[in-house]
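Undergrad: Pasting in a structure now, in structure tokens, and then I'll have a few things to ask.
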Amino acid sequence: MKFNRIIAVAAIAFSGILINSCSRQVTRVSTDETIDVSGNWNNSDARMAADELTGKILGAAWIDTHMNEHQGKRPVVIVGFVQNKSHEHIDAETFLTDIESSFIQSQKVRLVQGGKKREELRAEKADQQTNATVSSMKKFGMENGADYILQGSINSIVDAHKRQKVVYYQVNLELTNIQTNEVVWIGEKKIAKYVKN
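Mapping of the sequence shown onto my numbering: residues -3 to 193, in sequence order.
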């Protein structure tokens, strides 16, 4: 009888230890704080790249050149595709949204929608042709055409040996005049991480 009681107490104690050792703790942190858990591309890298590249593109001479050539009109920009050529899955959408937000806040350029968002807008206009009143219906052919398109890529190089690795990321962006195909600005942001296990 005593032996069974000892086994029962031991089993309860062991299960308590297992439950405590498997518990997870979550702590809220500032989104501006840099926390690198895995060594992979993360929100801090996306934010740093977007901030630096946005500062460079909005401070470059192409804006003044455009305004001088177009009677002071701000350039209209569309953000195109940023290709992920890195060794890991990187969703460029948050990075690009940060750039678009900076474009709008700066008031130096005008931004038009591209890609799937533009398709959704056109589908809504098409729906309005049938379902909206004539006075509120939005017409086709009234969009602002973009003067420039921003495109780019995210690349990486991994140098690893045993339990150490260096991960090198490079974000490249190019701004191209849509009418002439002239590249008017090129920028890059490099990030290197040393990871030791």
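Virtual Cβ for every residue (Gly too), placed ideally from N, Cα, C.
Does the beta-carbon distance from V78 to G148 come in below 8 Å?
TA: Here residue 78 is taken as the residue at index 82 of the sequence shown, counted from 1. Here residue 148 is taken as the residue at index 152 of the sequence shown, counted from 1. Yes, the Cβ-Cβ distance between V78 and G148 is below 8 Å.
Undergrad: Write down every uninterrupted run of the beta strand (DSSP E) in the segment 20 to 81 whose length is 3 residues or greater and which is fully enclosed by it, in chain order.
TA: Qualifying beta strand (DSSP E) stretches, in chain order: 72 to 80.
Undergrad: Grouping DSSP H, G and I as helix and E and B as strand, with all else coil, what is T126?
TA: The residue you call residue 126 lines up with position 130 of the sequence shown. Correct three-state label for T126: helix.
Undergrad: Would you say K69 faces chain C, with C-beta separation under 8 Å as the test?
TA: Considering every chain present, this structure includes no chain C. It has just one protein chain.
Undergrad: Just verifying my parser: in three-state terms, what is the DSSP assignment at T93?
TA: Counting from 1 along the sequence shown, the entry for residue 93 is found at position 97. In this structure, T93 counts as helix in the three-state DSSP scheme.
Undergrad: Does DSSP put Q103 in a helix, a strand or coil?
TA: Position 107 of the sequence shown, counted from the start, is the residue given in the question as residue 103. Looking at Q103 - three-state DSSP - the assignment turns out to be coil, as it is neither helix nor strand.
Undergrad: Considering only residues of the same chain and omitting the five flanking positions on each side of K175, which have a CB-CB separation below 8 Å?
TA: Counted from its first residue, the sequence shown places residue 175 at position 179. Sequence check: residue 175 is Gln here, not Lys. Around Q175: D143.
Undergrad: Drop a sphere of 10 angstroms on the beta-carbon of I195, count the other beta-carbons inside from all chains shown, and report buried for 16 or more, exposed for fewer.
TA: The requested residue 195 is not part of the displayed model; the chain covers only -3 to 193.
Undergrad: Quick one: Cα of T90 to Cα of K158, how far?
TA: Within the sequence shown, the letter at position 94 stands for residue 90. Within the sequence shown, the letter at position 162 stands for residue 158. Approximately 33 Å, taken between the alpha carbons.
Undergrad: Alpha carbon to alpha carbon, how far is M133 from A46?
TA: Your numbering for residue 133 matches position 137 in the sequence shown. Your numbering for residue 46 matches position 50 in the sequence shown. Rounded to whole angstroms, M133 to A46 spans 37 Å at the Cα level.
Undergrad: When you measure from the CB of H66 to every non-hydrogen atom of the ligand MG, does any distance come out below 7 Å?
TA: This structure does not include the ligand MG; it has no bound ligands of any sort.
Undergrad: Alpha carbon to alpha carbon, how far is T23 from N36? Give it in angstroms, no decimals.
TA: The count along the sequence shown starts at 1 and reaches residue 36 at position 40. The count along the sequence shown starts at 1 and reaches residue 23 at position 27. If you take the alpha carbons of N36 and T23, they lie about 20 Å apart.
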